[in-house]
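Enquirer: Let me begin by handing over the structure; questions about it come next.
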């Protein structure tokens, strides 16, 4: 039997999903749309829920960041409109803006729920969390941006309780910016960001770590025994004492000047040991036979106590002095400067220190100082003025 067809044919339409082939299933597994809809009540006047719209917008940001006005064309070209069942004409910038306004009112609770879902889904380790503040620069006129009130409910019950962060000049910086704090889980595959918050541009690391710690504790993500790691800008006795009261160990770098006297007191009796830890970059250099410097670190631990400034409670801790082989090379290039102005002291509120390989007792070379600073020892004239 033969068949014949007479008339126009339907043209083939090819859509290049590209990264959507990976991102769309991932967002579905994370249940992003459903989590958003649980926190944002449905609007009977809207044909599609905020969760559905915002999950597509998230995919657009991950695949091909573009202005809101261009999202409908991107959805049609990439096939996102078919994957999400959203017609492009329903993705105009006004509809996207309404969804973003709704998200802002519940942003903290939504982010907390997504973080908990990611931890559960990926079975991520919860024994260590890493917090790091950074900043975002802005260009333009932001005269209407206002400082946040000094006393804010934290962690917020709703995002509406916390106004937008103030875009302003940071300390020692002429640019207008926002401070951003990010908490991540790090495993053998890399870092997974969990929670992030925006702070006024002139806020410091003490404010960032205080708010983030309270948020993590309230969300159940920072539990007794969880180690919180952060950098020098977040260090304060108040921070250590606060988490000590919750049974959480802390690891963060501290200003060298605060512990120079402690080091000088114990220098003759310090037992230096070679650290077993190597960064990924240092591992790569050794594995590939790179000509770049192969750094190593020596450690010396001093038992110490601190007094909680609020309660007066005595807190046991350990101050870890870190001496980098890079410091020796840097000191040699600087002509064996005698100052130790930029070393770092590390402290950890934890009963045990990771095992290290014992080495013969030694003292730092005259030109160096205990520390792991990327800039190396400073000349005597700069002692006490070193900054990140």
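In the working numbering, the protein residues as written are 85 to 472. For each residue, glycine too, the CB sits at the ideal point set by N, CA and C.
Return helix, strand or coil for residue 196, following the three-state DSSP convention.
Expert: Taking the first residue of the chain shown as 1, we reach residue 196 at position 112. Correct three-state label for residue 196: helix.
Enquirer: Could you tell me if residue 378 is buried or exposed, where buried requires 16 or more neighbouring beta carbons within 10 angstroms of its beta carbon?
Expert: For the purposes of this step, residue 378 is taken as the residue at position 294 of the chain shown. Exposed: under 16 other Cβ atoms inside 10 Å.
Enquirer: Look at the alpha carbon of residue 422 and the alpha carbon of residue 409, and state the distance between them as a whole number of angstroms.
Expert: Start at 1 with the first residue of the chain shown, and residue 422 comes out as number 338. Start at 1 with the first residue of the chain shown, and residue 409 comes out as number 325. Confidence at residue 422 is low in this model, with a pLDDT of 24, below 50, so its placement is unreliable and no value can be given for it.
Enquirer: So is residue 253 buried or exposed if we call it buried at 16+ other beta carbons inside 10 Å?
Expert: Taking the first residue of the chain shown as 1, we reach residue 253 at position 169. Label assigned to residue 253: exposed.
Enquirer: For residue 213 and residue 129, I'd like the C-alpha separation in whole angstroms.
Expert: To locate residue 213, count along the chain shown from 1; it is residue 129. To locate residue 129, count along the chain shown from 1; it is residue 45. The alpha-carbon atoms of residue 213 and residue 129 are separated by roughly 42 angstroms.
Enquirer: Label residue 104 either buried or exposed according to how many other C-beta atoms from any shown protein chain fall within 10 Å of its C-beta, with 16 as the threshold for buried.
Expert: Indexing the chain shown from 1 puts residue 104 at position 20. Buried, by the Cβ-count rule.
Enquirer: Applying the criterion that 16 or more other CB atoms from any shown protein chain within 10 Å of the CB defines a buried residue, is residue 267 buried or exposed?
Expert: If you number the chain shown from 1, residue 267 lands on position 183. When all chains shown are included, residue 267 counts as buried.
Enquirer: Assuming residue 208 contacts residue 180 under a Cβ cut-off of 8 angstroms, what Cβ separation, rounded to an integer in Å, is found between them?
Expert: For the purposes of this step, residue 208 is taken as residue 124 along the chain shown, with counting starting at 1. For the purposes of this step, residue 180 is taken as residue 96 along the chain shown, with counting starting at 1. With 8 angstroms as the limit, residue 208 and residue 180 do not qualify as a contact, their Cβ atoms being about 31 angstroms apart.
Enquirer: Can you check whether the CB of residue 316 is closer than 8 angstroms to the CB of residue 339?
Expert: Working through the chain shown from its first residue, we reach residue 339 at position 255. Working through the chain shown from its first residue, we reach residue 316 at position 232. Their beta carbons are under 8 angstroms apart, which means residue 339 touches residue 316 by this criterion.
Enquirer: Under 8 angstroms, with one C-beta from each stretch per pair, do the region 288–304 and the region 234–251 reach the 3-pair mark?
Expert: yes
Enquirer: Between residue 371 and chain D, is the shortest Cβ-Cβ distance under 8 angstroms, so that the two count as touching?
Expert: Looking at the structure shown, chain D is missing, and only one protein chain is on hand.
Enquirer: Taking only the alpha-carbon atoms, compute the straight-line gap between residue 275 and residue 265 and give it to the nearest angstrom.
Expert: Numbered from its first residue, the chain shown carries residue 275 at position 191. Numbered from its first residue, the chain shown carries residue 265 at position 181. Approximately 15 angstroms between the Cα atoms of the pair.
Enquirer: Which runs of the beta strand (DSSP E), 3 residues or longer, sit entirely within the region 233–292?
Expert: 260–271, 274–283
Enquirer: Judging by CA-CA distance, which residue of 194, 167, 285, 273 is the nearest neighbour of residue 251?
Expert: As a first step, residue 251 must be located in the chain shown, where it is residue number 167. Answer by Cα proximity: 285.
Enquirer: Given a threshold of 16 other Cβ atoms within 10 Å of its Cβ, counted over all protein chains shown, does residue 123 qualify as buried or as exposed?
Expert: Working through the chain shown from its first residue, we reach residue 123 at position 39. With 16 or more other Cβ atoms from the protein chains shown falling within 10 Å of its own Cβ, residue 123 counts as buried.
Enquirer: Taking all protein chains shown into account, decide if residue 157 is buried (16 or more other Cβ within 10 angstroms of its Cβ) or exposed.
Expert: Position 73 of the chain shown, counting from 1, holds the residue named residue 157. That one is exposed.
Enquirer: The alpha helix (DSSP H) with residue 187 in it runs from where to where?
Expert: Position 103 of the chain shown, counting from 1, holds the residue named residue 187. 177–189 is the extent of the alpha helix (DSSP H) around residue 187.
Enquirer: Excluding the 5 residues flanking residue 244 on each side, which residues of the same chain have their C-beta closer than 7 angstroms to its C-beta?
Expert: Here the question's residue 244 lines up with position 160 in the chain shown. Answer for residue 244: 189, listed in chain order.
Enquirer: What residue from 98, 321, 146 has the CA that sits closest to residue 400's CA?
Expert: Along the chain shown, read from residue 1 onward, the residue named residue 400 stands at position 316. Measuring from the Cα of residue 400, the nearest candidate turns out to be 321.
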